[in-house]
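For reference, the structure is listed below as structure tokens.
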Amino acid sequence: MITRTATSSHTEDSTILHQKEQCVHQKEQGIYPHVRAEASWQQQLSQLVSSVDELWRLLDLPQSLLESASAAARAFPLRVPQAFVDKIQKGKLDDPLLRQILPQGLELTPPPDFVTDPLAELHANPHRGLLHKYQSRVLIIAGSACAINCRYCFRRHFPYEDNQLSQAQFDELIQHLETHPEVNEVIFSGGDPLINSNARLQRWVDALLLLPQLKRIRFHTRTPVVVPARIDEGLLALFRSIAQSGRNAILVVHSNHPSELDHHFDTAMRKLRDAQVTLFNQAVLLRGVNDHVDAQAALSERLFDAGVLPYYLHLLDPVAGAHDFSIHDTEAFELYRQMAARLPGFLLPRLAREVPGAPAKQILAPNLSE
Ligand code: SF4
Numbered sequence: 128m129i130t131r132t133a134t135s136s137h138t139e140d141s142t143i144l145h146q147k148e149q150c151v152h153q154k155e156q157g158i159y160p161h162v163r164a165e166a167s168w169q170q171q172l173s174q175l176v177s178s179v180d181e182l183w184r185l186l187d188l189p190q191s192l193l194e195s196a197s198a199a200a201r202a203f204p205l206r207v208p209q210a211f212v213d214k215i216q217k218g219k220l221d222d223p224l225l226r227q228i229l230p231q232g233l234e235l236t237p238p239p240d241f242v243t244d245p246l247a248e249l250h251a252n253p254h255r256g257l258l259h260k261y262q263s264r265v266l267i268i269a270g271s272a273c274a275i276n277c278r279y280c281f282r283r284h285f286p287y288e289d290n291q292l293s294q295a296q297f298d299e300l301i302q303h304l305e306t307h308p309e310v311n312e313v314i315f316s317g318g319d320p321l322i323n324s325n326a327r328l329q330r331w332v333d334a335l336l337l338l339p340q341l342k343r344i345r346f347h348t349r350t351p352v353v354v355p356a357r358i359d360e361g362l363l364a365l366f367r368s369i370a371q372s373g374r375n376a377i378l379v380v381h382s383n384h385p386s387e388l389d390h391h392f393d394t395a396m397r398k399l400r401d402a403q404v405t406l407f408n409q410a411v412l413l414r415g416v417n418d419h420v421d422a423q424a425a426l427s428e429r430l431f432d433a434g435v436l437p438y439y440l441h442l443l444d445p446v447a448g449a450h451d452f453s454i455h456d457t458e459a460f461e462l463y464r465q466m467a468a469r470l471p472g473f474l475l476p477r478l479a480r481e482v483p484g485a486p487a488k489q490i491l492a493p494n495l496s497e
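Per the numbering used here, residue 128 is the first one in the sequence shown, and the count goes up by one each step.
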């Protein structure tokens, strides 16, 4: 779960490992320590809810669904922070937060047009750990795990094991970028880049800052939404180092529903703004989660209250296992028209679809006057 790193981050990672071993020992004894949002991010990540039985017990879910859920979780594991589970209403199968993490048997029988690599990313993978889809920016696969496993994830089948980066491989990746002066922005994605230790991230950032063409470093992450404590002093120092180099630091969080956001999130976003980080949100339009104008309007308002601009509302990528979240374009456009009527323009995220092989995301512009 936690990416192990070498030498300088040894102490930090040893602590995480020790906490994880302690937790495994407790669970073997049938003890499930409850880790709340106030705990350190290392503690929260080392004690994720990863057992379907445990989720069923915590949320009083129907026993009749347990077996099929267990089968789905064997194909794509359950992983969810306890603080996120705390926000879910017990016994409510249509809770918008539960929907996002609940393994379901139907994931195992996808329709034929839902595939394992919906964005053809394996054709844009010129170097281990690197995706080069667009002209001026590249994406680094900076981790193989996330703080939460979202059932609709378009990378749920991604071969992370073939893309893990040692420091030597990261250095090779830097050499690749040196031969591409047109690349002026690097995006850390994953998995979730903030699963890494601060020491490892700082080593990577320091190497990138030596590239003369670099203008921006962007992080795509859902961790600050589900474990806001991840925005700790070491990470803020990393962001400050980017600003001090004259480059821009951008953090794109991923929240789909206003109920995910709490005062811990607000505090984390305030600290990031103080460290000169530009904050955006990207959401995915998901059936049964946020396919109503009230949820979308409340999400945009709530994000802006925390200093985050709604940036993208993505249509679902047709990944095998996620078809239960799918929404027809006609419905999506109607919802978007309702959002446009409700929200000021700066709170209206761009409705977008990623098209495999296209030079940019497709921004959809339904006729808002209809
Ligand atoms: S956090 Fe992002 S990358 Fe990780 S499982 Fe969720 S959607 Fe996928």
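Quick reminder that beta carbons are idealized off the backbone N, C-alpha and C, glycines included.
Could you check where the alpha helix (DSSP H) with residue i kicks off and where it finishes?
i	result
Arg-327	325-335
Ile-301	294-305
Leu-186	179-186
Glu-312	Per DSSP, Glu-312 belongs to no alpha helix (DSSP H); it is in the beta strand (DSSP E), 312-316.
Phe-460	456-469
Gln-174	Element bounds for Gln-174: n/a, residue is neither H nor E.
Please identify the residue among the options whose C-alpha is closest to the C-alpha of residue i.
i	options	result
Asn-383	Ala-402, Leu-336, Leu-443	Leu-443
Asn-408	Leu-365, Arg-184, Gln-169, Phe-473	Phe-473
Pro-385	Ile-358, Pro-437, Ala-376, Ser-372	Pro-437
Glu-458	Tyr-439, Leu-470, Leu-412, Pro-471	Leu-412
Ile-314	Ala-449, Glu-305, Arg-264, Tyr-287	Arg-264
Asp-451	His-391, Ala-467, Gly-484, Gly-415	Gly-415
Lys-219	Phe-431, Val-162, Leu-182, Ser-173	Leu-182
Val-446	Leu-205, Asp-240, Asp-180, Leu-257	Asp-240
Leu-193	Ala-210, Pro-230, Val-212, Ala-376	Pro-230
Thr-306	Pro-486, Cys-277, Gln-291, Leu-341	Leu-341
Ala-126	Asp-418, Ser-178, Pro-483, Leu-362	An answer regarding residue 126 cannot be provided, because it is not within the stretch 128 to 497 covered by the chain.
Tyr-439	Ile-228, Gly-361, Ala-449, Glu-481	Glu-481
Arg-343	His-381, Asp-389, Leu-266, His-419	Leu-266
Leu-363	Val-380, Arg-374, Arg-400, Pro-189	Arg-400
Gln-403	Phe-211, Arg-374, His-419, His-303	Arg-374
Pro-68	Leu-462, Leu-337, Val-354	The question about residue 68 has no answer here: the residues shown for the chain are numbered 128 through 497.
Gln-435	Leu-388, His-419, Gln-465	Checking the displayed sequence, the identity of residue 435 turns out to be Val instead of Gln. Ranking Leu-388, His-419, Gln-465 by Cα distance to Val-435 puts Leu-388 first.
Ala-274	Ala-202, Ser-173, Thr-405, Arg-327	Ser-173
Arg-163	Pro-223, Ala-356, Leu-495	Ala-356
Tyr-279	Glu-312, Ala-410, Asn-311	Ala-410
Gly-448	Asn-276, Gly-484, His-381	Asn-276
Leu-430	Gly-270, His-381, Glu-165, Asn-311	His-381
Terminal residues of the continuous beta strand (DSSP E) containing residue i?
i	result
Arg-477	477-480
Leu-266	264-268
* Taking 8 Å as the threshold, find out whether the region 307-321 comes into contact with the region 342-355 through three or more Cβ pairs. => yes
* Asked: Taking only runs of the alpha helix (DSSP H) that begin and end inside the region 341-378, which ones reach a length of at least 4 residues, in chain order?
  -> 350-353, 360-371
* Asked: Taking the runs of the alpha helix (DSSP H) that are 4 residues or longer, which of them lie wholly in the region 193-241?
  -> 193-202, 209-213, 223-228
* To do: Can you check the region 375-454 for any beta strand (DSSP E) of at least 3 residues that lies completely inside it and give the ranges in chain order?
  => 375-380, 404-411, 436-441
* Does the count of Cβ pairs from the region 413-429 and the region 231-251 closer than 8 Å reach three? -> no
* To do: Could you tell me whether the region 234-242 touches the region 470-487, using the rule of 3 or more Cβ pairs below 8 Å?
  => no
* **At least 3 beta-carbon pairs within less than 8 Å: the region 255-263 vs the region 176-195** => no
* Asked: Per the contact definition of three or more C-beta pairs closer than 8 Å, is the region 192-210 in contact with the region 392-410?
  -> no
* Touching or not, the region 330-338 and the region 275-284, by the rule of three or more beta carbon pairs under 8 Å? -> no
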